[in-house]
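Asks: Just passing along the structure, written as structure tokens.
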């Protein structure tokens, strides 16, 4: 009985950890060189 409770609580903590890991936001910064702007402008 004790082993079952330990397993259930370990699985519950694992899933709680997964939900908290995905709760943040991600910010991506990019830098475009001046010579690349014409190529990107032609593409779009």
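In my numbering, the protein residues as written are 30 to 73. Where a beta carbon is used, it is the ideal one built from N, C-alpha and C, also for glycine.
1. Shorter than 7 Å, the distance from the beta carbon of residue 60 to the closest heavy atom of the ligand FAD, or not?
2. Using the Cα positions of residue 63 and residue 70, report the straight-line distance between them to the nearest angstrom.
3. Run through DSSP, which three-state label would residue 43 get?
4. In the DSSP assignment, find the unbroken alpha helix (DSSP H) run with residue 64 in it and report its ends.
5. Just how far apart, CA to CA, sit residue 36 and residue 56?
Replies: Taking the geometry as given:
1. Among the components of this structure there are no ligands whatsoever, and the ligand FAD is therefore not found.
2. Rounded to whole angstroms, residue 63 to residue 70 spans 11 Å at the Cα level.
3. Here DSSP, grouped into helix, strand and coil, assigns residue 43 to helix.
4. Following the DSSP letters along the chain, one finds residue 64 inside the alpha helix (DSSP H) bounded by residues 63 to 72.
5. The alpha-carbon atoms of residue 36 and residue 56 are separated by roughly 37 Å.
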